[in-house]
Amino acid sequence: MQQVDQRLDRMIQIANETGFSLDAVVSVMGRCDQSTFDALSDKPSRLPRYMKSSVRP
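Numbered according to my numbering, the sequence shown spans residues 32 to 88.
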């Protein structure tokens, strides 16, 4: 259960850093295997660019 909490914490950080909604980040990263999750976690710019941002201009 601790690993799930750590993954969720990291997804929240990524959402805050990138401006993507948490829902969008979880939809992409939530079911990734650990190696893919680690790669996306290390470099969030690898997330798909078509995700809508929660930030409004």
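Every residue gets a Cβ at the ideal spot worked out from N, C-alpha and C, and that includes glycine.
With the cut-off set at 8 Å, would you say residue i and residue j are in Cβ contact?
i   : j   : result
P75 : I43 : no
V57 : P79 : no
On the criterion of 16 or more Cβ atoms from any shown chain inside 10 Å, does residue i qualify as buried, or is it exposed?
i   : result
V35 : exposed
M32 : exposed
A70 : exposed
Pop quiz: residue i and residue j are said to be a contact at Cβ under 8 Å. What is the actual Cβ separation, rounded to whole angstroms?
i   : j   : result
R41 : S66 : Rounded, the Cβ-Cβ distance is 14 Å, inconsistent with contact.
(message) I'd like the ranges of any alpha helix (DSSP H) spanning at least 4 consecutive residues and lying wholly in the region 40 to 78.
(response) 53 to 60 and 65 to 73
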